[in-house]
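Visitor: Just so we're aligned: the sequence shown equals residues -2 to 229 in the numbering used here.
All C-beta atoms, glycine included, are put in the ideal place defined by N, C-alpha and C.
Quantities reported herein were computed from a predicted structural model and do not represent experimental measurements.
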Amino acid sequence: MPDHATALDALGLTITLTAGPTREPLDPVRYLTNHSSGKMGYALATAAARHGARVRLISGPVSLATPAGVERIDVESASEMLEAARQAIADSDIFIGCAAVADYRAEQYNEHKIKKTPGDETLVLRLVKNPDIVATMASAEPRPFVVGFAAETRDVEAYARDKLERKNLDMIVANDVSQSGLGFGADENAAVLLWRDADNEPGRLELPPQSKATLADAIIATVVARFHATQR
Ligand code: CTP
Ligand code: CA
C-alpha cells in the first residue's frame, strides 16, 4: 500500500458507497444483471476505511468478503439500492456510486415462473427505466459530496464530463472499459478523475493502470482532498 494510505485524512467523515451489479427479477427463478464483480467498489470501501472514515457499503450480489471495519448493507435490485441510499444519505459526508446499476427492470414481475408458450419462438420482455441513484443523491437537500463513475468504451472523457454535468455530481471517475485486462472483473484498472473546481474550471487527474487497491487509494485521497476543499 502507498504511504498516503495511512494518512487519516477521512477521520470523522462518513462515506457511503454502492458497489457490484444489481439484479432485476423477472420471475421467482430468473433475473437480469451484468458482469460487475464489485472489486472496484470493495477496494474503494477498504481504502476509505484505511483513510479513517466510517464506511457504509451498499452492495449488490457479489462473491467478495466484507472489508474489515466496513458496515455492509446487502441489496439486490436498483430499487432496493436506491432505498438503502436514501436511508444513508442524511448522515453521509461523501457518497460514491460505484455500482453497475441495471438501467432497466422488467415492467412486470411475474409471480409465477414464466412458461414457454407452445408454438412461440420468441418472447418479448418490456423493460422500464430504473431510477438514477447518484443523480437522486446529488439532487437531495442537504446533499453529500457525490462521486459517480462512468464506464465507457469510446469518447471516454467527453461522455464522463457530460454525466458529471447532467447528474450534477461533484466528481466523476472515468473508466475506459474497452482496454483488455482493465475494468470489469479484472484486478487492474486505470481512471481519469474529472471535476469542476471552485472557479468552475475543469479539474482533471489521470491515474495510470495499476492494481484496483492502489487505484482505490489514489481515488479516495483525491475525493477526500476535494471534499475538504469544498468545505472551506
Ligand atoms: N447510476 C446510478 N443509477 C442508475 C444508473 C447509473 O446511480 N440507474 C450511476 C452509476 O453507479 C455510476 C454512474 O451513474 O456512478 C454512471 O453510470 P453509467 O452506467 O456509466 O451511466 P448511465 O447514466 O447509466 O448512462 P449509460 O449507461 O447510458 O452510458
Ligand atoms: Ca448505465
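1. Taking A4 as the reference, which of A103, H48, R83 has the closest Cα?
2. Within this structure, are the beta carbons of N31 and A97 separated by less than 7 Å?
3. For ligand 2, is there any heavy atom lying closer than 6 Å to the beta carbon of D129?
4. Assign P205 to buried or exposed, taking buried as 16 or more other Cβ atoms, counted over all protein chains shown, within 10 Å of its Cβ.
5. Nearest to A75 by CA position, among L54, G200, R51, D100, is which residue?
6. Do you know offhand how far A87's Cα is from P139's?
7. Could you check what DSSP says for Q228 in three-state terms: helix, strand or coil?
8. Tell me, please, whether the stretch 12 to 25 touches the stretch 49 to 60 by the rule of three or more beta-carbon pairs shorter than 8 Å.
9. Indicate the three-state DSSP secondary structure (helix, strand or coil) for E198 in the structure shown.
10. Using the Cβ count rule (16 or more neighbours within 10 Å means buried), how would you classify T150?
11. Should D100 be counted as a contact of ligand 2 given a C-beta to heavy atom distance under 6 Å?
12. Hey, V220 and V144: beta-carbon distance below 7 Å or not?
13. From the DSSP output, in three-state form, read off L5 for me.
14. Start and end of the beta strand (DSSP E) containing K126?
15. Sorted by chain position, which residues of the same chain lie with C-beta nearer than 7 Å to V125's C-beta, five sequence neighbours on each side aside?
16. Taking only the alpha-carbon atoms, compute the straight-line gap between K209 and S33 and give it to the nearest angstrom.
17. Tell me which residues share the same chain as A215 and place their Cβ nearer than 7 Å to its Cβ, disregarding the 5 neighbours each side in the sequence.
18. Whole angstroms are fine: how far does the CA of E21 sit from the CA of H109?
19. What residue range does the alpha helix (DSSP H) around R158 cover?
20. Measuring straight from C-alpha to C-alpha, what distance separates R69 and I93?
21. Give the list of continuous beta strand (DSSP E) stretches no shorter than 3 residues that lie fully inside the stretch 47 to 73.
Guide: Judging by the given coordinates:
1. Along the sequence shown, one-based indexing puts residue 4 at 7. Relative to the Cα of A4, the nearest Cα in the group A103, H48, R83 belongs to H48.
2. Within the sequence shown, the letter at position 34 stands for residue 31. Within the sequence shown, the letter at position 100 stands for residue 97. Their beta carbons are under 7 Å apart, which means N31 touches A97 by this criterion.
3. Your numbering for residue 129 matches position 132 in the sequence shown. It does not: the Cβ of D129 is nowhere closer than 6 Å to a heavy atom of ligand 2.
4. As a first step, residue 205 must be located in the sequence shown, where it is residue number 208. With fewer than 16 other CB atoms across the displayed protein chains lying within 10 angstroms of its CB, P205 is exposed.
5. Translated into positions along the sequence shown, residue 75 becomes position 78. Selected option, being the one with the closest Cα: D100.
6. By 1-based counting over the sequence shown, the position of residue 87 is 90. By 1-based counting over the sequence shown, the position of residue 139 is 142. Here the alpha carbons of P139 and A87 stand approximately 8 Å from one another.
7. Taking the first residue of the sequence shown as position 1, residue 228 is located at position 231. DSSP, read as helix, strand or coil, puts Q228 in helix.
8. Contact holds: three or more Cβ-Cβ distances are below 8 Å.
9. Sequence index remark: in the sequence shown, residue 198 carries index 201 (1-based). Residue state, collapsed to three classes: coil.
10. Stepping through the sequence shown from its first residue, residue 150 is reached at position 153. When all chains shown are included, T150 counts as exposed.
11. On the sequence shown, residue 100 is found 103 positions in, with the first residue counted as 1. D100 Cβ: within cutoff of ligand 2.
12. Here residue 220 corresponds to residue number 223 of the sequence shown, with the count starting at 1. Here residue 144 corresponds to residue number 147 of the sequence shown, with the count starting at 1. For V220 and V144, yes; Cβs fall inside 7 Å.
13. Residue 5 sits at position 8 when you count from the first residue of the sequence shown. L5 falls in the coil class under three-state DSSP.
14. Within the sequence shown, the letter at position 129 stands for residue 126. Counting along the chain, the beta strand (DSSP E) containing K126 begins and ends at 124 to 126.
15. Walking along the sequence shown from the start, residue 125 turns up at place 128. So the list reads Y101, R102, E104, once near-sequence residues are dropped.
16. Taking the first residue of the sequence shown as position 1, residue 209 is located at position 212. Taking the first residue of the sequence shown as position 1, residue 33 is located at position 36. Taking C-alpha positions only, K209 is separated from S33 by approximately 14 Å.
17. As a first step, residue 215 is located in the sequence shown; it is residue number 218 there, counting from the start. Cβ neighbours of A215 beyond the five flanking positions: L204.
18. Within the sequence shown, numbered from 1, the residue matching residue 109 stands at position 112. Within the sequence shown, numbered from 1, the residue matching residue 21 stands at position 24. Going from the Cα of H109 to the Cα of E21 covers about 15 Å.
19. Walking along the sequence shown from the start, residue 158 turns up at place 161. Per DSSP, R158 belongs to the alpha helix (DSSP H) from 153 to 163.
20. Within the sequence shown, numbered from 1, the residue matching residue 69 stands at position 72. Within the sequence shown, numbered from 1, the residue matching residue 93 stands at position 96. A direct Cα-to-Cα measurement between R69 and I93 gives close to 14 Å.
21. Counting only runs of at least 3 residues, the stretch 47 to 73 fully encloses the following beta strand (DSSP E) elements, listed from N- to C-terminal order: 51 to 56, 67 to 71.
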